[in-house]
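Shown next, in structure tokens, is the structure this report addresses.
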Amino acid sequence: MERLNLYRVNRGDTAFLPYIPSCFHPLLEQKETVCVGAVYEGASCGAALAECSAPGEYDLRYLFVDPNARLCGLGTYLLRGLLGQLRERKASCIRAIYSPSMLEGGKQTLNILQRAGFSSPKPISTGFSTCLGDIPEPDAQLPPSMAVYSAIDAPPEVQEAYVDLLEANALPPFADARTMQAPWAELCSFCTVKEELSGVFLISRKKEGIHLEGLYVLPEYRRGRTAWALISRSLRAARAILPPETKVWTSAISRESFSLCDKLLRLGGRAEKETEFYCIYRF
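Numbering (my numbering), first residue to last: 11 to 293.
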């Protein structure tokens, strides 16, 4: 391994870009981002990238080793090099959130994290994916006191009520459409009970298909049918414009939220469920 070297990676270092997903390339333009790459005998062979989430705090976004260079300690070498760079920046911690499908090396990657000093992994959230056509057709009937709208045709007073809640910080982050990169207005839904906003269902457009960003029901309406009405309208709208094989998926939701989705969507046997884990390294 005497011909192995570690480099700080910037956007211009194109030799390392194949080891970093394209969605993370813009992070290399941010001075807070820390990325290291490994070169063995003059050829790049892996990279590790951390994104700054708050002053002194980082998230491990990616760690990849060329398949031809695995099982020789290169992953540990990259991660320790990344930790060294963060230590020089006086970082306080770095977190890793991952699911088994994100880890091409599987158990090997988990061992790398633990050997480097990360805490033992703990389950924190659940995600699932299914096909639009596998979700049973929802009941279309609504009680007379309820109404449900898309984000396009919601009455002005409903949209204003939603904005007022956002400005008052009365909604959780997953119910904030302002943070979404590609909201799908036709599929997003607002529900009212007696003309008062009772809940919102946000959906975004991603290359994989339909991403369920957030379902939120105001506390005073949680014993009613708001969640069912929101999901029902969005599913009907999706079926009208998308083929049955369209992927429907979500991630990073609590176990309680997964149980609700499982109940309301009636996820079938072909649905794929996955748990996300969390571990942390403190400097």
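Here a beta-carbon is modelled for each residue, glycine too, at the ideal position from N, C-alpha and C.
Open item on the list: Judging by CA-CA distance, which residue of 179, 125, 186, 61 is the nearest neighbour of residue 33?
Closed with: Against the sequence shown, residue 33 aligns to sequence position 23. Of 179, 125, 186, 61, the residue nearest in Cα terms is 61.
- [ ] Can you tell me which of the three DSSP states residue 46 falls into?
- [x] For the purposes of this step, residue 46 is taken as residue 36 along the sequence shown, with counting starting at 1. Residue 46 falls in the strand class under three-state DSSP.
Task: Residues sharing a beta bridge with residue 193, DSSP - done: Taking the first residue of the sequence shown as position 1, residue 193 is located at position 183. DSSP, once it has assigned bridges, lists 214 as partnering residue 193.
Task: Distance between residue 246 and residue 257 (C-alpha atoms, nearest Å) - done: Locating residue 257 in the sequence shown gives position 247, where the first residue counts as 1. Locating residue 246 in the sequence shown gives position 236, where the first residue counts as 1. Rounded to the nearest angstrom, the two C-alpha atoms are 15 Å apart.
TODO: Evaluate residue 167 with the Cβ neighbour count: other Cβ atoms within 10 Å of its Cβ, from every protein chain shown; 16 or more gives buried, anything less gives exposed.
DONE: For the purposes of this step, residue 167 is identified with residue 157 of the sequence shown, where counting begins at 1. Answer is exposed; the Cβ neighbour count stays below 16.
TODO: Give the C-beta separation of residue 136 and residue 263 to the nearest angstrom, bearing in mind that I take them to be a contact with Cβ-Cβ under 8 Å.
DONE: As a working note, residue 136 is residue 126 in the sequence shown. As a working note, residue 263 is residue 253 in the sequence shown. Sure, about 6 Å apart at Cβ, within 8 Å.
Task: Classification of residue 114 by the beta-carbon crowding that lies within 10 angstroms, buried from 16 upward - done: One-based indexing of the sequence shown puts residue 114 at position 104. The predicted position of residue 114 is uncertain, since its pLDDT is 49 and thus under 50; a value taken from the coordinates is nonetheless stated next. Result: exposed.
Task: residue 244, buried or exposed, once every other Cβ within 10 Å from all chains shown has been counted against 16 - done: As a first step, residue 244 is located in the sequence shown; it is residue number 234 there, counting from the start. It is buried - the Cβ of residue 244 has at least 16 other Cβ atoms within 10 Å.
TODO: Could you tell me which uninterrupted alpha helix (DSSP H) segments, each at least 4 residues in length, are contained entirely in the segment 96-168, listed from first to last along the chain?
DONE: 117-125
Task: Beta-carbon proximity check, residue 17 vs residue 49, cutoff 8 Å - done: Sequence index remark: in the sequence shown, residue 17 carries index 7 (1-based). Sequence index remark: in the sequence shown, residue 49 carries index 39 (1-based). Closer than 8 Å, so yes.
- [ ] Let me know if residue 116 comes out buried or exposed under the rule of 16 or more other beta-carbons within 10 Å of its beta-carbon.
- [x] Counting from one through the sequence shown, the residue named residue 116 turns up at place 106. For residue 116, the predicted structure reports a pLDDT of 45, less than 50, and the residue's modelled location is therefore unreliable. The matter cannot be settled from this model.
Task: Per-residue burial, residue 46 [other beta carbons within 10 Å of its own, 16 or more giving buried] - done: For the purposes of this step, residue 46 is taken as the residue at position 36 of the sequence shown. When all chains shown are included, residue 46 counts as buried.
Task: Neighbourhood of residue 20 by C-beta distance below 7 Å, restricted to the same chain and skipping five residues each side - done: The residue given as residue 20 occupies position 10 in the sequence shown. Result list for residue 20: 38, in chain order.
Task: Test item: CB-CB of residue 248 and residue 212 under 8 Å - done: Within the sequence shown, numbered from 1, the residue matching residue 248 stands at position 238. Within the sequence shown, numbered from 1, the residue matching residue 212 stands at position 202. No.
Open item on the list: For the ligand NAP, I want to know if residue 102 counts as a neighbour, meaning its beta carbon is within less than 7 Å of at least one of the ligand's heavy atoms.
Closed with: The ligand content of the structure shown is nil, which means the ligand NAP is not present either.
Task: Cβ contact (3+ pairs, closer than 8 Å) linking the segment 171-184 and the segment 142-159 - done: no
Task: Three-state secondary structure assigned by DSSP to residue 39 - done: By 1-based counting over the sequence shown, the position of residue 39 is 29. The answer is helix: DSSP assigns residue 39 an H, G or I state.
Open item on the list: Could you tell me the alpha carbon to alpha carbon distance between residue 98 and residue 293, rounded to whole angstroms?
Closed with: On the sequence shown, position 88 is the one that residue 98 refers to. On the sequence shown, position 283 is the one that residue 293 refers to. So the two alpha carbons sit approximately 10 Å from each other.
- [ ] Give the DSSP bridge partners of residue 227, in chain order.
- [x] By 1-based counting over the sequence shown, the position of residue 227 is 217. 209.
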